[in-house]
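First up is the structure itself, then whatever we jot down about it.
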Amino acid sequence: MSNKITTSFPWIVTVFAVISLIYPSLFTWFNGSLITLGLGVIMLGMGLTLKTGDFFQVISSPKSVFLGLGMQFVIMPLMGWGLAILFHLPSFFAVGMILVASCPGGTASNVIAYLAKADVALSVTMTACSTLAAIIMTPFLTLKLSGSYLEIPAEGLFYSTLKVVLVPVSLGVFINSFLPKTANKIVPFAPPTAVLLICMIVASIVGQGKEIILSSGVLLILALICLHLIGFALGFLISLGLLKNWRAAKTIAIEVGMQNSGLGVVLARENFTSPSVAIPAALSSLIHSLLGSFFVKIFKNKPTIM
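Here's what the structure looks like:
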């Protein structure tokens, strides 16, 4: 049952988002500290699936990991910045777009990697490494690329990232490393719980931003589709060209094309006065999940050609 819920995530989050546009009050109560707590639970679940060895797995495939991290924190933020300009997004959407583009890979990428028959171990390692790197990189990139739109609370972004990333992930890794029996009892419930929580977060933000999404959200949606499509495409093509490894290229494409949108929502909610800054991250979760499913259909049964 839990596996069915996890693999159906793209369609579940779509249903939640559509319902929230029709009946926003069903989800808008899930806001503020509940959203932050929800992300904390998601990140704790991620930590419970990791061991300290996962972070050192980089030693066995350094080229793949560093190539993926480079694209994650170079291509995506620059594309977010460029697309915000190209589509003439209003300042609050532009900052939100750059913020989510500067976020690390999320746990959904590990699910998509599994479904696409990619290298799940590499996917988990990249997610773990990009999540830790995000403590510095996400606030730094958001500050540098968004400063012309709004005043960016760099210190607040840093401490928020530290709070919702490092603390719960470290706790999860600690439990998994030193209390493995406890971790083994909790881990089966972590993926479906993460699915439910990210769906609630997305639905809440979509419901709260219903009016502005319906009135001026078309350009934002197009920009986000371009962002994630380019992330998937460049992630795959560059990796395939440099690594000559089909499976690694699939994995890196998924990691680059999918962001931790929940983190983007929490950082936006905690650090910007305009609630609209969180809308790009919420819609991003919906879009990259659907595109990820499309990616699975294309590549799942493709033979390894290199």
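With the working numbering, the residue at position 230 of the sequence shown is 1446, and numbering never jumps.
Glycine included, every Cβ here is placed at the ideal spot set by N, Cα and C.
Please read all numbers here as calculations on a predicted model, not as lab measurements.
Sorting Ile1275, Ile1258, Phe1308 and Phe1356 by C-alpha distance to the C-alpha of Ala1484 places Phe1308 at the top.
Apart from the 5 residues on each side of it in sequence, Ala1497 sits with its Cβ closer than 7 Å to the Cβ of Gly1312, Leu1315, Val1316, Ser1477, Gly1480, Val1481 and Ala1484 in its chain, given in chain order. With contacts defined by Cβ atoms closer than 8 Å, Ala1349 and Phe1289 form a contacting pair. Beyond the five residues adjoining it in sequence on each side, Pro1369 comes within less than 7 Å, by CB distance, of Asn1487 in the same chain, given in chain order. In this structure the region 1409-1421 does not lie against the region 1282-1299, because fewer than three pairs of beta carbons, one per stretch, are closer than 8 Å.
Two segments are said to touch when three or more pairs of C-beta atoms, one from each, lie closer than 8 Å; by this definition the region 1294-1306 does not touch the region 1454-1466. Gly1447 and Ser1241 have their C-alpha atoms spaced approximately 34 Å apart. Counting only residues of its own chain and dropping the five nearest sequence neighbours on each side, Ser1236 has a CB closer than 6 Å to the CB of Phe1243, Ala1419, Val1422 and Gly1423. When DSSP assignments are scanned along the region 1461-1500, the uninterrupted stretches of alpha helix (DSSP H) that are 4 or more residues long and fall wholly within it turn out to be 1462-1473 and 1477-1487.
When only Cα atoms are considered, Trp1297 and Leu1361 end up about 6 Å apart. Taking 8 Å as the cut-off, the beta carbon of Ile1428 is found closer than this to the beta carbon of Ser1492. Between Thr1347 and the set Thr1358, Lys1333, Leu1285 and Met1295, the nearest pair of CA atoms involves Leu1285.
Restricting attention to Ala1494, Leu1436 and Gly1508, the CA atom closest to the CA of Glu1471 is found in Gly1508. Taking all protein chains shown into account, Pro1384 has 16 or more neighbouring C-beta atoms within 10 Å of its C-beta and is therefore buried. Spatial neighbours of Met1262 in its own chain (CB-CB distance under 7 Å, excluding positions within 5 residues in sequence) are listed in chain order as Thr1323, Val1385 and Gly1388. Pairing Val1411 with Phe1232, the inter-Cα distance amounts to about 11 Å.
Collapsing the DSSP output to three states places Leu1502 in a helix.
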